[in-house]
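Numbering (the working numbering), first residue to last: 1215 to 1489. Using N, Cα and C, we set each Cβ at its ideal position, and we do this for glycine too. Given the structure is predicted, the values throughout are model-derived calculations rather than measurements.
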Amino acid sequence: MHLYREFAPHPALAGHVACLWTSQALPDGTPLRRRILPDNCIDILWQDRAPLGFVAGMMSRAHRFETPQPLRTVAVRLRPGAARALFDLPLHVLQDAHPALDALWPHAEAEALGAELWEHERTPAQQLATIEGALLARLRDRAACALAAGSAAPAGRLTDAALRLIDGTGGAVRIGALAQSLGVSRQHLNQQFRDRVGLNAKTYAMVSRFGRAGAALRAAHGAAARDIDWAGLALDCGYYDQSHLIHEFRLFADQTPQAFALGRSGAATTAGGQP
């Protein structure tokens, strides 16, 4: 059995954190198998079997994992573009990767946080409060360093504007036209996206579109595949046609949208483990 819960972040973190979440795999004698789907977010996870913590970077494809049971996880899901405020590196190096947290934060800091989370019996609420405190401290420290270096002006305005436009259309946007509307070249926009978001702008838009279509199929849960207006769904979600929808579902979910709607090939989840 797999128990998953989401929690709203502290108001001071709302601009950076989409949610905090907990997951618990209860023992039933079999390993937990999950298929993790791209969701345009970067997560930081701490598990009782890996207390140091690790980062799940932006995903460009589905990942499959088999986890021994029991397993407890506490985690934070960052908003698109927010991880750059925490990690001093171009985010594309995290794409489809799962580095240990001490590769991105000072080892002593990451080790102390992991110890505080797991070495003593603590409730999930206490663990999440500890994580929020660590994130707030990290953001304050990096802001102070930027101020001391004379670079306190808001960064990432270009990618922030592009993210709003892509997310606002659910990924139904042409990247060339988007770059032109923002007064930059497509190459420059993609370079900034890779650095500050973790994917190029086109892939980010494709994942956004995939997420929109997946949500529509989940909302139609229980409907027979033959009863779904696939051509209409494709157009509503920003695809050119049904074959375009099928192509991108195979790319990101490793299955057809019809199989996805029927819930085939195991439990599909977002990057954080949400059913």
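Check                                                                                                                                                          : Outcome
Can you tell me whether Leu1331 is buried or exposed, with buried defined as 16 or more other CB within 10 angstroms of its CB?                                : buried
Going by beta carbon distance, what residues of the same chain come within less than 7 Å of Asp1381, once the five residues before and after it are set aside? : Ser1422
Quick one: any contact between the stretch 1407–1425 and the stretch 1462–1472, if contact means 3 or more CB pairs under 8 Å?                                 : yes
Hey, out of Asp1257, Ala1475, Glu1323 and Gly1452, whose CA is closest to Ala1351's CA?                                                                        : Glu1323
Could you give the distance in angstroms between the alpha-carbon of Leu1292 and the alpha-carbon of His1312?                                                  : 15 Å
By a C-beta neighbour count over all protein chains shown, 10 Å radius and 16 as the cutoff for buried, is Pro1304 buried or exposed?                          : exposed
When burial is assigned at 16 or more other CB atoms within 10 Å of the CB, is Phe1279 buried or exposed?                                                      : exposed
With a threshold of 8 Å between beta-carbons, can Arg1286 be considered close to chain C, or not?                                                              : Structure shown: chain C not included; a single protein chain is present.
Have a look at Arg1356 and Phe1301 and give me their C-alpha separation to the nearest angstrom.                                                               : 9 Å
Judging by CA-CA distance, which residue of His1216, Gly1229 and Asp1253 is the nearest neighbour of Gly1385?                                                  : Asp1253
Relative to the C-alpha of Leu1327, which residue among Val1307, Arg1275, Phe1268 and Arg1378 is closest?                                                      : Phe1268
State the DSSP-derived secondary structure class of Ala1311, mapped to helix, strand or coil.                                                                  : coil
Within this structure, are the beta carbons of Leu1234 and Val1307 separated by less than 8 Å?                                                                 : no
How many angstroms separate the CA atom of His1216 from the CA atom of Arg1371?                                                                                : 39 Å
Around the Cβ of Ser1237, are there at least 16 other Cβ atoms within 10 angstroms (buried) or fewer (exposed)?                                                : buried
Quick check on the DSSP output: the alpha helix (DSSP H) that includes Thr1236 runs from which residue to which?                                               : Taken as a continuous stretch (DSSP letters only), Thr1236 belongs to no alpha helix (DSSP H), being part of the beta strand (DSSP E) at Val1231 to Ala1239.
Cβ atoms of Gly1295 and Asp1374: under 8 Å apart, would you say?                                                                                               : yes
Following the continuous beta strand (DSSP E) through Arg1278, name the residue where it begins and the one where it ends.                                     : His1277 to Thr1281
What do you get for Arg1298, buried or exposed, if any count of 16 or more other CB atoms within 10 angstroms of its CB means buried?                          : buried
Starting from Phe1463, trace the alpha helix (DSSP H) in both directions and tell me its first and last residue.                                               : Gln1456 to Ala1467
Under the rule that 16 or more other beta-carbon atoms within 10 Å means buried, what is Tyr1453, buried or exposed?                                           : buried
With a CB to CB cut of under 7 Å and the five nearest residues on each side skipped, what residues in its chain are close to Leu1266?                          : Ala1314, Leu1315, Asp1316, Ala1324, Glu1325 and Gly1328
Taking the alpha-carbon positions, what's the Phe1424 to Glu1462 distance?                                                                                     : 7 Å
Do you know offhand how far Leu1396's Cα is from Arg1432's?                                                                                                    : 34 Å
Looking at the structure shown, is His1216 part of a helix, part of a strand, or coil, going by DSSP?                                                          : strand
Among the candidates Asp1262, Phe1221, Leu1349 and Pro1225, whose CA atom is the shortest distance from the CA of Ala1239?                                     : Asp1262
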